[in-house]
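Novice:
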Amino acid sequence: NAGVTQTPKFRILKIGQSMTLQCTQDMNHNYMYWYRQDPGMGLKLIYYSVGAGITDKGEVPNGYNVSRSTTEDFPLRLELAAPSQTSVYFCASSYSSGTGAYNEQFFGPGTRLTVL
Amino acid sequence: KNEVEQSPQNLTAQEGEFITINCSYSVGISALHWLQQHPGGGIVSLFMLSSGKKKHGRLIATINIQEKHSSLHITASHPRDSAVYICAVRNYGQNFVFGPGTRLSVLP
């Protein structure tokens, strides 16, 4: 299994440009997450999904959009890039059976985004 | 006050030392997750626990639900343990809240 993969690894954007960060997992996990990590700060949840077709906002969703058309893929879209979106972005996935079992998250390698 | 706090922020140890990293949280939780972030940036899950104690190799994690506190111990530390250690708590929703991390450097 490849686990959680993310592309690209690095990207530089100009203010106002758009891009999509790709995330794919091959573990048949129902839950997927997007986080951003700013220097010296903890990971902040941007959006999450509990299954295909279902997404919800996290703590810092402004400026981002997501979709979940398949179990495997959870792309994150930045429509009008701003310098405040300069960060490292991590995608993660986990499995929940819905019975309250506590399942660990598996993380992708991250995408380092700079907006100039 | 942050929901999840970790101490110390930074820690330098000599190879072989016993290391303790602490995590305190202020909300009710259903589980607590310890993660390791390598110098290259990758994040790896170490433990997920909701009570008691777990051990894996030289790593031990404990949690005291009543005191809202967890510790991560590393025995016989080694330079390859150098990383950022992150505590995350799962609230009663779907999501995790992450601490700021503890940066550990183990010197040979």
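Respectively, the protein sequence lines represent chains A and B.
Counting in the numbering used here, the first sequence runs from 711 upward without gaps.
Counting in the numbering used here, the second sequence runs from 151 upward without gaps.
Where a beta carbon is used, it is the ideal one built from N, C-alpha and C, also for glycine.
If we count Cβ pairs, one from each stretch, closer than 8 Å, do we get three or more for the region 156 to 168 of chain B versus the region 238 to 255 of chain B?
Specialist: These segments touch.
Novice: What would DSSP say about A:R822, mapped onto helix, strand or coil?
Specialist: Translated into the one-based positions of the first sequence, residue 822 of chain A becomes position 112. Here A:R822 sits in strand by DSSP.
Novice: Over what stretch of residues does the beta strand (DSSP E) that includes A:Y774 continue unbroken?
Specialist: Locating residue 774 of chain A in the first sequence gives position 64, where the first residue counts as 1. Unbroken beta strand (DSSP E) run through A:Y774: Y774 to V776.
Novice: In this structure, does DSSP put A:Q815 in helix, strand or coil?
Specialist: As a working mapping, residue 815 of chain A is identified with position 105 in the first sequence. Correct three-state label for A:Q815: coil.
Novice: Determine the DSSP secondary structure at A:S794, reduced to helix, strand or coil.
Specialist: Translated into positions along the first sequence, residue 794 of chain A becomes position 84. Residue state, collapsed to three classes: helix.
Novice: For B:G178 versus B:A226, is the C-beta spacing smaller than 7 Å?
Specialist: By 1-based counting over the second sequence, the position of residue 178 of chain B is 28. By 1-based counting over the second sequence, the position of residue 226 of chain B is 76. With a cutoff of 7 Å on beta-carbon distance, B:G178 and B:A226 are scored as not near each other.
Novice: Give me the Cα-Cα distance between B:T162 and B:C173, rounded to the nearest whole angstrom.
Specialist: The residue you call residue 162 of chain B lines up with position 12 of the second sequence. The residue you call residue 173 of chain B lines up with position 23 of the second sequence. Their Cα atoms are separated by approximately 18 Å.
Novice: Which residue from A:P749, A:A712, A:K754 and A:S779 puts its Cα closest to that of A:A762?
Specialist: The residue you call residue 762 of chain A lines up with position 52 of the first sequence. A:A762 has its Cα closest to that of A:S779, out of A:P749, A:A712, A:K754 and A:S779.
Novice: Could you tell me which of A:L755, A:E782 and A:P793 sits nearest to A:N775, measuring between CA atoms?
Specialist: If you number the first sequence from 1, residue 775 of chain A lands on position 65. Out of A:L755, A:E782 and A:P793, A:L755 has the C-alpha closest to the C-alpha of A:N775.
Novice: Taking 8 Å as the cut-off, does the region 788 to 803 of chain A touch the region 818 to 825 of chain A (at least 3 CB pairs, one atom from each stretch)?
Specialist: yes
Novice: Can you name, in chain order, every residue of its own chain whose Cβ lies under 8 Å from the Cβ of A:V760, other than the five neighbours on each side?
Specialist: Looking up residue 760 of chain A in the first sequence gives position 50. For A:V760, where only same-chain residues beyond five positions count, the Cβ hits under 8 Å are N740, Y741, D766 and S806.
Novice: Could you tell me if A:T734 is buried or exposed, where buried requires 16 or more neighbouring beta carbons within 10 angstroms of its beta carbon?
Specialist: Translated into positions along the first sequence, residue 734 of chain A becomes position 24. Result: buried.
Novice: Considering only DSSP beta bridges, list what B:V154 is partnered with.
Specialist: For the purposes of this step, residue 154 of chain B is taken as the residue at position 4 of the second sequence. Partner(s): B:Y175.
Novice: Can you tell me the Cβ-Cβ gap for A:G818 and A:Q747, rounded? I've got them flagged as a contact below 8 Å.
Specialist: On the first sequence, residue 818 of chain A is found 108 positions in, with the first residue counted as 1. On the first sequence, residue 747 of chain A is found 37 positions in, with the first residue counted as 1. About 12 Å separates the two Cβ atoms, so there is no contact after all.
Novice: Nearest by alpha-carbon distance to A:V770: which of A:S777, A:E814, A:Y758 and A:L731 is it?
Specialist: For the purposes of this step, residue 770 of chain A is taken as residue 60 along the first sequence, with counting starting at 1. Per the Cα distances, A:Y758.
Novice: Please tell me whether A:F784 has its Cβ less than 7 Å away from any Cβ of chain B.
Specialist: Stepping through the first sequence from its first residue, residue 784 of chain A is reached at position 74. No, because no Cβ of chain B sits closer than 7 Å to the Cβ of A:F784.
Novice: Within the continuous beta strand (DSSP E) that includes B:T225, where are the two ends?
Specialist: In the second sequence, residue 225 of chain B corresponds to position 75, counting from 1. That residue, B:T225, is in no beta strand (DSSP E); it is neither H nor E in DSSP.
Novice: Would you say B:G192 reaches chain D, if we count a Cβ-Cβ gap shorter than 7 Å as a contact?
Specialist: No chain D appears in the structure shown, which is made up of the protein chains A and B.
Novice: So A:G713 and A:M751 are supposed to be a Cβ contact under 8 Å. How far apart are they, rounded?
Specialist: Residue mapping note: residue 713 of chain A aligns to position 3 of the first sequence, counting from 1. Residue mapping note: residue 751 of chain A aligns to position 41 of the first sequence, counting from 1. Not confirmed; about 25 Å, so no contact.
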